[in-house]
Structure formats: C-alpha cells, structure tokens
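Engineer: Shown below is the structure under consideration.
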Amino acid sequence: MPSTIVTLKVNGRAQEFLTRPGTTLLDALRESLNLTAAKKGCAQGTCGTCTVLLDGKPVFACLVPVETVAERSIETLEGLATGDTLHPLQESFVELFATQCGFCSSGMIMAAKGLLARNPNPSRADVVRAISGNVCRCTGYEAIIDAVMAAAVKMKKSAPVRKKAAE
Amino acid sequence: VQAGISGIGTLVSLGGCKLDKIAIKGDKITIGAAATLAAIGEERGLAFLHAAIESVGSPTLRNLATIGGNLFTEQPYGDIAVCLLALDAAATVATKRGVKKVPVAEILKKGIARDAIVTAISFEKPEKGAWFYRKAMRRAANSASIVTIAALLPQSKGRIAKPRIALGGCGAKPVLAVKAAAALEGQKIDRDAIGKAGALLLEDAEPFTDAYASAWYRARVLPVHFRRAILGE
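Sequence lines, in order, name chains G and X.
Mind the numbering: the first sequence is residues 35 to 201 in the working numbering, read in order.
Mind the numbering: the second sequence is residues 9 to 241 in the working numbering, read in order.
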C-alpha cells in the first residue's frame, strides 16, 4: 500500500503529513511532526509514556494507527504551556518534585489533564485510578498524586478569572 | 504494527464502521463490537458489569479497548470474555455470505473464520442479586488475572436455578465450570454449598503458570476467590 496524506488537528493547529500504512500516532507525532514529548517506552500500551489526548480523552498513542484518527483532535504536552507560562499541572509537577528522570512526566500530565477535564474535583483515589496506566520507576507516585491534586485546586481557583477575562 | 515492522499489505480498521452502539431494551442488551470498555463503564444500564470493566487495564487503555477485542484475548487477559461466557452471550458474526448469531462459548472454543467479523454482542441482563464477579490480581488496578470468576446464579424460590460459572486464568481461553455449576443446582447460596461447588472448580479448570502466578498457586486460590466472589467475603 502506498503512503497517504493524513490530516490531524494537533494542539489546535491543523497538521498534514505523508505517512506509511500502519504508522502509529506516536511515531507520526515524533517523526513527522517533531513533537517528542510523548515518549516511546514499551510500544505496547503498558507503560503510559506515550499518553496523549484524543478528542479530549487520554489514549496510548503507540496503540493507535494514525490513519484511523485522521481529522480528529490530538493534544500533546507541547500544547499545554502558554508561551513561557506553564500549565498549572506542569507548575505543580515542578513545585512538588513530581518529576525525577522525567520520562513518564509527559504521559502522567496528559493522563491527569484528561482526568481533570472530566472531574475537576478528584479524590486521591480518582487520581490513582486515572494514572494507573502510567508507570513511574523513580518517584513512588505519591509526589505525582500530590501534584495532580494541587493542580486541581489551582485550576479551580483560576477558572472564574478566566471566565471573566473571556467576557 | 506497534513495532513498525514494514511489509504490512493491508490494514483494515473497523473503528469508523459505527459498530459502537449500546442498546438496552428491557433486559435485552446489545453492545456493538467496537464499543469501548470506557463507554460500557459509563453506561448506567450496565452497572452490574462495571466492577469487571474497572478490573481491566487502566482508564486510558479502556478508552481504546473494545468489547469485541476482549473476546479474542488470550488468558490471563480478557476478563470481559469471562463475563460474556457466564452470561451465555451471543456474538453477531458477519461474513460476505451473511450474518448469524453464534454463542460466545463456541467462539471461545473455535474462533471465527478468517473472513468473518464480530459486529455485536448480545445477552440478557441478570436479575437482581444473580451476578457475581471477582478478579484476583497482583495489584489493585491494571494487572492481569491470577484467577477471574464470573457467575450467574439466578434463583427461584430461594434456590439456585440454571447457574453458569466462568473462569479466567484457568486455560488459554475462559472456561465454564460445568461440574461446580451442576453442584449448585437447586441449592441455597450458603457457605456449605459454595464450599462444595468450589472444590469441583478444578474439574473443569487447567490453571497455568506465567509471570503473574504459578499453576499451583492459581489452583490453590481458585476455590477461595470463588467463595469470596459469591459470599462477598
């Protein structure tokens, strides 16, 4: 089968690239679009380092053939910060030492973003459940859970302000 | 595909075929083969299955994992297939030659033809208090099965009638514990009857050794988890 042109909306921008059949979303992001925040850890949906949002829901990019999600919306870690201002999740990960080697962080943050979009007031158990597909071999998870909980509080506080600004 | 090995001739995705509908009409439930486990986990009418859904993978995985896919997974994965076997579910199988309904039990034994696809799964919702599920895992979430127990124990006048018990971690595919189920026919759900039935589970099960547990361990804990599943211990 010949290569085809695939169009995706990545971090709000339309992207178009040529891809060979069977290419995963992860390889497309990393190789074709140079978006390397999503990592290739296990390449079989076990480690979670490639977690991105597909139409707002977290998925493992290594398990998604990119042609099957043509025209759909993808969010990666690269889309989170606004200029030099970090997203509350990124900020909390830095402040609460939730990152050591960093390999799992982008996947962790995207899984957490997917959770907070659906559930802005998560319990600790909700956070544990949401990141249960993401492996971290450094932190012991507690710092990561703390950071997600802290980010949820920050995002709630900043939400009304943003709304005002929009008005 | 994940390994990026070249030479893939044709890749067919059923993702865009609108096979993901969940229909609940009274007790009759039909779930499109491409319905995700996440979608089933959010469906209020399928609350009895939610413990099983939660026991499979992580929420992130369940956003991609489908009920049709789960049917073809080798043990110790595929806990939803264990449930479907206990529910005596039927799969709608389509080929160019036509569409037919095939018992899930038959598909688990024989598979389907190379040119066939499963388009939907249908079953009857268990009556209240008749459904039991337990999966023993190495971790609280996102782990394969040590043993999985799904049991449909309908009752008539306080006595079990036509029970079905399905097991995971007890063979390459989910298996029916026929002898244990027969022992429960006409019995009350109590410690004595469940203990006797539990002792017969291994008659139909062939627990195996893998990285999660040894065959010996699986065989030892199977009756225990069966008792816990049914008596809620």
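Glycine included, C-beta positions come from ideal geometry on N, C-alpha and C.
Just to check my reading of the structure: I32/X and G53/X have Cβ atoms closer than 8 Å, yes? What is that Cβ distance to the nearest angstrom?
Structural biologist: About 4 Å separates the two Cβ atoms, so the contact holds.
Engineer: Whose C-alpha, out of P92/G, E65/G and L63/G, is nearest the C-alpha of N168/G?
Structural biologist: Among P92/G, E65/G and L63/G, the Cα nearest to that of N168/G belongs to P92/G.
Engineer: Would you mind stating whether Y85/X and A152/X have Cβ atoms separated by less than 7 Å?
Structural biologist: Contact flag set, yes.
Engineer: Taking the continuous beta strand (DSSP E) assigned at F216/X, which residues delimit it?
Structural biologist: Segment: none, F216/X is in no beta strand (DSSP E) and carries neither H nor E.
Engineer: Which residues does DSSP pair with W139/X in a beta bridge?
Structural biologist: Partner(s): L160/X.
Engineer: Could you list which residues in chain B have their beta carbon closer than 7 Å to that of G23/X, in chain order?
Structural biologist: Among the chains of the structure shown, chain B does not appear; the protein chains present are G and X.
Engineer: Using beta carbons (cut-off 7 Å, strictly below), is P84/X in contact with chain G?
Structural biologist: No, P84/X does not count as interfacial toward chain G.
Engineer: Kindly say whether L95/X, judged by its beta-carbon, lies nearer than 7 Å to any beta-carbon of chain G.
Structural biologist: Cβ-Cβ to chain G under 7 Å: no for L95/X.
Engineer: Taking only three categories from DSSP, how would you classify T18/X?
Structural biologist: T18/X: coil per DSSP, three-state reduction.
Engineer: Return the residue from the list T119/G, F94/G, R106/G and L42/G that minimises the CA-CA distance to S140/G.
Structural biologist: Nearest option by C-alpha distance: F94/G.
Engineer: Counting only runs that start and end within the segment 171-225 of chain X, where is the beta strand (DSSP E) found for 3 or more residues in a row?
Structural biologist: With a minimum length of 3 residues, the continuous beta strand (DSSP E) runs that stay inside the segment 171-225 of chain X are 172-176.
Engineer: Do V44/G and I108/G count as a contact pair if the criterion is CB distance below 7 Å?
Structural biologist: Yes, these two residues count as a Cβ contact at 7 Å.
Engineer: Closer than 8 Å by C-beta to R158/G: which residues in its own chain qualify, once you throw out the five before and the five after it? Chain order, please.
Structural biologist: Excluding positions up to five away in sequence, the list reads I179 and M183.
Engineer: Using the rule of at least 16 other Cβ atoms within 10 Å of the residue's Cβ for burial, across every protein chain shown, is V187/G buried or exposed?
Structural biologist: With fewer than 16 other Cβ atoms within 10 Å, it is exposed.
Engineer: Among residues of its own chain, excluding the 5 on either side of T216/X, which ones have a beta-carbon nearer than 6 Å to its beta-carbon?
Structural biologist: Per the sequence shown, residue 216/X should be read as Phe rather than Thr. For F216/X, where only same-chain residues beyond five positions count, the Cβ hits under 6 Å are A223.
Engineer: Give the range of the beta strand (DSSP E) segment to which I48/X is assigned.
Structural biologist: It is not in any beta strand (DSSP E) - I48/X instead sits in the alpha helix (DSSP H) that spans L45 to E50.
Engineer: So, for G82/G: in the same chain, excluding its five sequence neighbours on each side, which residues have a beta-carbon less than 8 Å away from its beta-carbon?
Structural biologist: Taken in chain order, the residues that qualify are G75, F94, C138, G141, M142, A145, I165, G167, N168 and V169.
Engineer: Does Q83/X pass the burial test, meaning 16 or more other C-beta atoms within 10 Å, or should it be called exposed?
Structural biologist: Buried, by the Cβ-count rule.
Engineer: In three-state terms, what does DSSP make of E6/G?
Structural biologist: Since the first and last residues shown for chain G are 35 and 201, residue 6/G lies out of range.
Engineer: When you compare each of A72/G, F131/G and G148/G to C84/G by their alpha carbons, which one comes out closest?
Structural biologist: It is A72/G.
Engineer: Who are the near neighbours of D160/G in its chain, counting only those whose CB is closer than 8 Å to its CB and skipping five residues on each side?
Structural biologist: Once the five neighbours on either side are set aside, the close Cβ partners of D160/G are L149 and N153.
Engineer: Whose C-alpha, out of S37/G, N68/G, C135/G and A181/G, is nearest the C-alpha of Q124/G?
Structural biologist: Q124/G has its Cα closest to that of A181/G, out of S37/G, N68/G, C135/G and A181/G.
Engineer: Between which two residues does the alpha helix (DSSP H) holding L123/G run?
Structural biologist: Segment P122 to E129, the alpha helix (DSSP H) holding L123/G.
Engineer: List the whole-angstrom C-beta distance separating R103/X from D123/X, where the pair is believed to meet the contact cut-off of C-beta under 8 Å.
Structural biologist: Here residue 103/X turns out to be Thr, not Arg, going by the sequence shown. Correct: roughly 5 Å between the Cβ atoms.
Engineer: In chain order, what residues of the same chain lie with their CB nearer than 7 Å to the CB of D89/G, ignoring the 5 residues before and after it?
Structural biologist: Excluding positions up to five away in sequence, the list reads R106 and S107.
Engineer: Chain X beta carbons: is any one of them nearer than 7 Å to that of S192/G?
Structural biologist: Answer no: the Cβ-Cβ gap between S192/G and chain X never drops below 7 Å.
Engineer: Does V107/X pass the burial test, meaning 16 or more other C-beta atoms within 10 Å, or should it be called exposed?
Structural biologist: Answer is exposed; the Cβ neighbour count stays below 16.
Engineer: Determine, for N78/X, whether the minimum Cβ-Cβ distance to residues of chain G falls below 7 Å.
Structural biologist: No, N78/X lies away from the interface with chain G (no Cβ there is under 7 Å from its Cβ).
Engineer: Excluding the five sequence neighbours on either side, which residues of its own chain have a C-beta within less than 8 Å of the C-beta of K117/X, listed in chain order?
Structural biologist: Within the same chain, K117/X has close Cβ partners K181.
Engineer: For S107/G, go through chain X and note every residue whose CB falls closer than 7 Å to its CB, in chain order.
Structural biologist: The contacting residues do not exist; S107/G stays about 14 Å from chain X at best.
Engineer: Please tell me whether A200/G has its Cβ less than 7 Å away from any Cβ of chain X.
Structural biologist: No answer about A200/G holds up, because its pLDDT of 48 lies below 50 and its placement is not dependable.
Engineer: Compile a chain-ordered list of the residues in the segment 131-163 of chain X whose CB is closer than 7 Å to at least one CB of chain G.
Structural biologist: Answer in chain order: A149 and N150.
Engineer: At a cut of 8 Å, does the segment 157-170 of chain X reach the segment 193-203 of chain X through at least three beta carbon pairs?
Structural biologist: Yes, since at least three Cβ pairs between the segment 157-170 of chain X and the segment 193-203 of chain X fall closer than 8 Å, the two stretches touch.
Engineer: Going along chain X in order, which residues have a C-beta closer than 7 Å to the C-beta of G79/G?
Structural biologist: Result: L69.
Engineer: With DSSP collapsed to three states, give me the class of K117/X.
Structural biologist: If DSSP states are grouped into helix, strand and coil, K117/X belongs with the helices.
Engineer: Helix, strand or coil, according to DSSP, for I88/X in the structure here?
Structural biologist: It is helical.
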